Structures are given as C-alpha cells and as structure tokens.
Amino acid sequence: MEGSKKRNPYKTNAMLLVVIGGLFLLTHLFHFAFRNTIDQPPTPAQYAAYLPLDSGAKNAHLELKSLFANNLDRGRLLPPLMDPVTGMVMLNTVKEETNYSDGNVYYRLDSSGRLVDSLLVEDYYISLNREYIIHPNYYYSWFLDGHQEKREYLPVNEDLKLGTKALQQRYETLYRDAELVQLFGYQMLWGNGTTEREKRKYYDTKTDKAIFLIRNKWYALYGKDLKTMPGGEKKKSLDTIRQLNLDQLGVPNPYLYVANFRKDSKGYEGWDGTAYLNIMMGKDTLKVSTGMTLNESVGKQPPKYVHSLEYFRGKTMPFAIICKENNRCYILKSN
Numbered sequence: 001m002e003g004s005k006k007r008n009p010y011k012t013n014a015m016l017l018v019v020i021g022g023l024f025l026l027t028h029l030f031h032f033a034f035r036n037t038i039d040q041p042p043t044p045a046q047y048a049a050y051l052p053l054d055s056g057a058k059n060a061h062l063e064l065k066s067l068f069a070n071n072l073d074r075g076r077l078l079p080p081l082m083d084p085v086t087g088m089v090m091l092n093t094v095k096e097e098t099n100y101s102d103g104n105v106y107y108r109l110d111s112s113g114r115l116v117d118s119l120l121v122e123d124y125y126i127s128l129n130r131e132y133i134i135h136p137n138y139y140y141s142w143f144l145d146g147h148q149e150k151r152e153y154l155p156v157n158e159d160l161k162l163g164t165k166a167l168q169q170r171y172e173t174l175y176r177d178a179e180l181v182q183l184f185g186y187q188m189l190w191g192n193g194t195t196e197r198e199k200r201k202y203y204d205t206k207t208d209k210a211i212f213l214i215r216n217k218w219y220a221l222y223g224k225d226l227k228t229m230p231g232g233e234k235k236k237s238l239d240t241i242r243q244l245n246l247d248q249l250g251v252p253n254p255y256l257y258v259a260n261f262r263k264d265s266k267g268y269e270g271w272d273g274t275a276y277l278n279i280m281m282g283k284d285t286l287k288v289s290t291g292m293t294l295n296e297s298v299g300k301q302p303p304k305y306v307h308s309l310e311y312f313r314g315k316t317m318p319f320a321i322i323c324k325e326n327n328r329c330y331i332l333k334s335n
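Using the UniProt record's numbering, the letters of the sequence shown map in sequence onto residues 1 to 335.
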C-alpha cells in the first residue's frame, strides 16, 4: 500500500543477530552454572592433612624445600647436569632479554642439594663444554672453582705470522695434547659488518679460532681454515639428570601421582581444582596439595591432568629436584 512504512531489512537482521547472540551467551552461562553446581562427594578427611606445595612441606622422613628465595624468573629451564665425580649439580636457565644478548643464569648445588651460588652470563654464543662455560672470546671456570670473572684464553698465533705448514703443525700438537677442543669459524667470530680494525683484519683474512684445554689451561689458536683441520671438536658433557615421566599423573607410580582431585570450577579445558599429590623418594612419601586442571577421560582412559610439574633425579643422587609451573623449584630429600 502506498504511504505505508517499509521495514528496514538491515535493522531487522541486526536485531536478529543480537537475539541469536544473546541466546548463545545465555546457553553458555546456564551450561557453566549447571556444571559448577554439580554435587560431588566431599573430600575424604585424610586429605585435609596434605600440605600446600608452594610453601614447601615436611614430615618425619622427607622435606620439600624451596631452592630459591623468590620465584625463579626463568625463560626455559634446561635439564639439570651433574658432575659424576664430585656430585655437584648445575641448573641452567635461559631467558631472551634483549636483541643483543640472552640471559643465562647458572645455579650450583652441592652433592647434598644445597644451593652454593649462581652466575649470570649475558651474551650470545654461550655453550657448555664439560664443566666450562664457553664463549668464543672468554670462558668461565666457575662450576669448578667458584670464580665468577671471565677468564681469557692464552693466545697462539694471534699476530697471524705462522705460515700454512707451521700453523698445521701447531694445530696438530695442541690437538694431540688437548682434553677438549672447540672450533669457531671466522664469519661468526668477526662478523661481516664489523669496523673495528683488529676484527676487520681477522675477517678479511678468514681467520678461524680453535680453543684447546691442556692441563687445566685454555689456549686459543688463530689461523685460516682451522675448521677444516682433521680431528674435529672434542666436546664432552656433564651427566644429564634423568627427568621422570609425569604424563599420567592419575596412575600410581613410585615417585609422584595424584591421589585425589577436588573439582572447584569448570573451565573451557576441564575442571580447575585441587590435586592431592603423593611424592615419593625411596620408601617414604610426602603428601602435598596444589592447584591443577583435570581433563575428564573418556571410557577407561586414566584421567588427564594439565600441569607443568617436573621431577628430576639421578640414580646416585640423594635428593630430587622438583619444579612447578609458577617457576618455583624445590629440593626433595630425607631429613
């Protein structure tokens, strides 16, 4: 009919979308409200004695003690290492801090699990060769002797005066006597864009560097094509401390598992709640509680817990290292 008001289709569609969105939101709200009000059996009284993990815990036989005074601000915890001779343990955490360096923090534990000291190394191209922290231009002997200052390599042919044959002979002599050998190519050492006079000279002459550990002293040989010399590197590692498998915390095992779980609230990925953990070392058990998420299993599958717990212990170690998702690390040992 002429003169009658036409309905705006865009307005109608917008209203329809609002209604559908509202219904969708209400459905989810009712869903979570319903799930969160499901009754569950009360937590058995025996679990009231479980101590909070974050503050550490102790009983007549075992003690779980925080390794650091504050949370460990770590980017990435590398597997702990142990010196098989002394029993000393090295923890290494790596955190990308700037565009120019990474932050490597090393922690030294004695053979009983006591924190002795730590060392911060902010630089690129850091590696470990046995007990030594290696950079192409310096090294640390800290893990051996506690010395926290950089140490310099003893230079050989730094003036590049050795001819090709003499350089090869010097390399072979050093290599034969060395316990450890590490090689660095000229491109990584001196950089394509460097303008410093000495570095530019080394780059233009394609000068590599080889470092040799001989009777507790490190020597640095300079020369062209060292990376192609026969023999290659001699690199060794401290023993990696075994990390125990915690993929199935719902299944009893001899070191750490969830004895009970209290559902507190329903999240998108599962139930958030409190896990009651039995932590074992040998024949002794320590009982602690901590927040965790449970993904409900289907059928006869064991329950799946979302966590970041890590448990490290070597066969000859009198203690264990346990780390948690909030970057706390603990030592578990007998009283």
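Glycine included, C-beta positions come from ideal geometry on N, C-alpha and C. Small disclaimer: the values here were computed from a predicted structure and weren't measured.
If you compare the alpha carbons of Tyr268, Pro136, Lys333 with that of isoleucine 126, the shortest gap goes to Pro136. Pairing glutamine 301 with glutamate 122, the inter-Cα distance amounts to about 46 Å. Taking a contact as a CB-CB distance under 8 Å, the pair methionine 229 and tyrosine 153 does not count as one, their CB atoms being some 17 Å apart. In the structure shown, the three-state DSSP call for glutamate 310 is strand. In the structure shown, glutamate 122 adopts extended strand secondary structure according to DSSP, grouped into three states. When the alpha-carbon of glutamate 198 is set against those of Tyr132, Glu158, Phe184, Lys236, the nearest one is in Glu158. Per DSSP, the beta bridge partners of valine 94 are Arg76, Asn104. Judged by DSSP secondary structure, methionine 188 falls outside any beta strand (DSSP E) and instead within the alpha helix (DSSP H) spanning 186-190. In this structure tyrosine 255 touches tyrosine 311 by the C-beta definition: roughly 6 Å separates them, less than 8 Å. Secondary structure note for aspartate 145: its alpha helix (DSSP H) is the uninterrupted segment 142-145.
The residues Leu78, Asn104, Tyr106, in chain order, have a CB closer than 7 Å to that of asparagine 92 in the same chain once the five nearest residues on each side in sequence are set aside. The beta-carbon distance between glycine 273 and lysine 263, rounded to whole angstroms, is 5 Å. This is short enough to meet the 8 Å contact definition.
Here threonine 207 is buried: its Cβ has 16 or more other Cβ atoms, across all protein chains shown, within 10 Å. The Cβ atoms of histidine 147 and tyrosine 138 lie no closer than 9 Å to each other. The beta-bridge partner set that DSSP reports for asparagine 129 consists of Tyr132.
The DSSP-derived three-state label of aspartate 284 is strand. If the five residues before and after methionine 292 are omitted, its C-beta is found closer than 6 Å to the C-beta atoms of Ala275, Tyr305, His307, all from its own chain and listed in chain order. Scanning its chain for C-beta atoms nearer than 8 Å, with the 5 sequence neighbours on each side dropped, one finds around methionine 280 the residues Pro254, Tyr255, Leu256, Leu286, in chain order. Listed as beta-bridge partners of serine 334 by DSSP are Leu62. Fewer than three Cβ pairs drawn from the segment 239-254 and the segment 217-228 lie within less than 8 Å of each other, which leaves the two stretches out of contact.
Glutamine 182 is bridged by DSSP to Ile211. Beyond the five residues adjoining it in sequence on each side, leucine 167 comes within less than 7 Å, by CB distance, of Asn157, Gly223 in the same chain, given in chain order. Residue environment for glutamate 131: buried (at least 16 other C-beta atoms within 10 angstroms of its C-beta). For alanine 166, the enclosing alpha helix (DSSP H) begins and ends at 164-177. Taking the Cα of glycine 87 as reference, the smallest distance to any Cα among Ala48, Val251, Ile211, Ser111 is reached at Ser111. Beta-carbon to beta-carbon, lysine 65 and tyrosine 330 are separated by about 6 Å, close enough to satisfy the 8 Å threshold. In this chain, the alpha helix (DSSP H) harbouring aspartate 204 covers 197-204. Contact annotation, lysine 333 with glycine 113: C-beta distance approximately 5 Å; criterion of less than 8 Å satisfied.
Nearest to leucine 180 by C-alpha distance, out of Ile133, Lys58, Gly56, is Ile133. DSSP places threonine 228 within a helical segment (H, G or I) once states are collapsed to three.
Setting aside the 5 residues that flank it on each side, threonine 205 is surrounded in the same chain by Leu160, Lys224, each with a C-beta closer than 7 Å to its C-beta; the list follows chain order.
Under the criterion of beta carbons closer than 8 Å, proline 80 and isoleucine 241 qualify as touching, at roughly 4 Å. Bounds of the beta strand (DSSP E) holding phenylalanine 319 are 319-323. Tyrosine 222 carries a strand assignment under DSSP once its states are collapsed to helix, strand and coil. Around the beta carbon of serine 55, fewer than 16 other beta carbons sit within 10 angstroms, so the residue counts as exposed. In the three-state DSSP reduction, tyrosine 47 falls in the helix class (H, G or I).
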